[in-house]
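> Protein chains in written order, with our numbering: chain Y, 1 to 114; chain E, 1 to 114.
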Amino acid sequence: DAKTTQPTSMDCAEGRAANLPCNHSTISGNEYVYWYRQIHSQGPQYIIHGLKNNETNEMASLIITEDRKSSTLILPHATLRDTAVYYCIVRASYSGGGADGLTFGKGTHLIIQP
Amino acid sequence: AAGVIQSPRHLIKEKRETATLKCYPIPRHDTVYWYQQGPGQDPQFLISFYEKMQSDKGSIPDRFSAQQFSDYHSELNMSSLELGDSALYFCASSREPGATYEQYFGPGTRLTVT
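#1: Can you give me the C-alpha to C-alpha distance between Y/N57 and Y/I48, rounded to a whole angstrom?
#2: For Y/H24, count neighbouring C-beta atoms within 10 Å of its own C-beta (all shown protein chains included) and say buried if the count is 16 or more, exposed if not.
#3: In chain E, which residues lie less than 9 angstroms from Y/D67 when you measure between Cβ atoms?
#4: Under a Cβ-count criterion, where at least 16 other Cβ atoms within 10 Å of its own Cβ denotes burial, should Y/G101 be classed as buried or exposed?
#5: At a Cβ threshold of 9 angstroms, is E/Y50 touching chain Y?
#6: Compute the Euclidean distance between the alpha carbons of Y/R37 and Y/A84, then round it to the nearest angstrom.
#7: Please go through the same chain and pick out, in chain order, the residues whose beta-carbon is closer than 8 angstroms to the beta-carbon of Y/H77, but skip the five residues on each side of it.
#8: On the three-state DSSP scale, how would you describe Y/R81?
#9: Rounded to whole angstroms, what is the Cα-Cα separation between E/R110 and Y/D11?
#10: For a cutoff of 9 angstroms on Cβ pairs, would you count Y/L73 as touching chain E?
#11: Using Cβ-Cβ distances below 9 angstroms, what residues of the segment 81 to 100 of chain E are close to chain Y?
#12: Rounded to a whole number of angstroms, what is the C-alpha to C-alpha distance between E/Y54 and E/S74?
#13: According to DSSP, which residues form a beta bridge with E/S55?
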């Protein structure tokens, strides 16, 4: 799986949009971009994933650049409960092999300020 | 909605003892993953199962073994426990293996080895 690079930490004001960047310059054509977050020792929480197109769900939006070498997770209206470590993970498609585990990097510690 | 269930939530064992952690996946999920998160570290993939067969293996020590049963629940068996095994152990499940299917994590089991 391709490696990812994320800022160590970020601040965002409550009520504003939080934009979390991720670089994955070695991503290959069959690799998905996944975002998870972990709130203080709770189980990681799935947020969103995408392959090429931008994606949106009830939690967030995922913007993937046309060359797929980077992406941005957008939390449209951040609340204090969004304070967490956010992980950007690249994951290869299933190719008849196994159930591959996720490779967590260092992630971004997002702090929402009141 | 039903989530991944893990038991016990907390476990205290002494060095050289044995521990068994249990995971009950989301209904109709046939793929289970195990992760270990040491203090101050990011989650590390241990092992996965698909349709009751071991599928992928990560950094799982030889002292650990796991299996998935006919009802799709999984157990992680840990023998000759060491102080360094103290960690959060997360189980995740997905509907099927592969990158198109997101993994949903349980709340974790906190294992303390004294």
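C-beta atoms are modelled at their ideal positions from N, C-alpha and C, and glycine is treated no differently.
Reading from the atomic positions:
#1: Here residue 57 of chain Y is taken as the residue at index 57 of the first sequence, counted from 1. Here residue 48 of chain Y is taken as the residue at index 48 of the first sequence, counted from 1. Taking the straight line from one Cα to the other gives about 7 angstroms.
#2: Start at 1 with the first residue of the first sequence, and residue 24 of chain Y comes out as number 24. Buried.
#3: Numbered from 1 along the first sequence, position 67 holds the residue referred to as residue 67 of chain Y. What Y/D67 touches in chain E: nothing, since even the nearest Cβ is about 19 angstroms away.
#4: Taking the first residue of the first sequence as position 1, residue 101 of chain Y is located at position 101. Flag for Y/G101 reads buried.
#5: For the purposes of this step, residue 50 of chain E is taken as residue 50 along the second sequence, with counting starting at 1. For E/Y50, the answer is yes, since a Cβ of chain Y falls inside 9 angstroms of its Cβ.
#6: Start at 1 with the first residue of the first sequence, and residue 37 of chain Y comes out as number 37. Start at 1 with the first residue of the first sequence, and residue 84 of chain Y comes out as number 84. Their Cα atoms are separated by approximately 6 angstroms.
#7: As a working note, residue 77 of chain Y is residue 77 in the first sequence. If we look at Y/H77 and ignore the five residues flanking it on each side, its Cβ neighbours are G15, R16 and A17.
#8: For the purposes of this step, residue 81 of chain Y is taken as the residue at position 81 of the first sequence. Helix.
#9: The sequence position of residue 110 of chain E within the second sequence is 110, counting from 1. The sequence position of residue 11 of chain Y within the first sequence is 11, counting from 1. Going from the Cα of E/R110 to the Cα of Y/D11 covers about 29 angstroms.
#10: For this step, residue 73 of chain Y is matched to residue 73 along the first sequence. By this cut-off, Y/L73 is not an interface position.
#11: L88, F90, C91, A92, S94, E96, P97, G98, A99 and T100
#12: Stepping through the second sequence from its first residue, residue 54 of chain E is reached at position 54. Stepping through the second sequence from its first residue, residue 74 of chain E is reached at position 74. According to the sequence displayed, residue 54 of chain E carries Gln and not Tyr. Looking at the two C-alpha atoms, the distance is approximately 11 angstroms.
#13: Counting from 1 along the second sequence, the entry for residue 55 of chain E is found at position 55. DSSP, once it has assigned bridges, lists no residue as partnering E/S55.
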